[in-house]
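Below is one structure; the comments refer to it alone.
In the numbering used here, the protein residues as written are 388 to 477.
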């Protein structure tokens, strides 16, 4: 199975750890493939993706002092003039 991972709405504590754990468990236990969408909703809307595998997720904690979400987020992606466009608000 191929699974997409998208982070949106802003950073939150533990987000990178969740991405790393989901990918590692999915790959190692179930043989799933993962694709990460970069910059929140901009990723799927603009085709900005990256392969998420065990090797890629090792980089998440290499420079922990840098902070921020591994896939990056864009709190305003999909919004224009206060109106949400593309996707769902739920």
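No residue lacks a Cβ here, since even glycine has one placed at the ideal position from N, Cα and C.
- Your pair residue 409 and residue 392 checks out as a contact, with CB atoms roughly 7 Å apart and the cut at 8 Å.
- In the DSSP assignment, residue 444 falls within the alpha helix (DSSP H) that extends over 441 to 445.
- Counting along the chain, residue 407 sits inside the alpha helix (DSSP H) bounded by residues 402 to 417.
- Taking 8 Å as the upper bound for CB-CB distance, residue 458 and residue 401 are not in contact here, some 14 Å apart.
- Excluding five sequence positions before and after residue 431, the CB atoms of its chain that fall closer than 6 Å to its own CB belong to 424, given in chain order.
- Annotation: residue 443 to residue 406 spans about 11 Å, alpha carbon to alpha carbon.
- For residue 430, the three-state secondary structure derived from DSSP is helix.
- Its Cα nearest to that of residue 412, the residue 439 stands out among 446, 439, 394.
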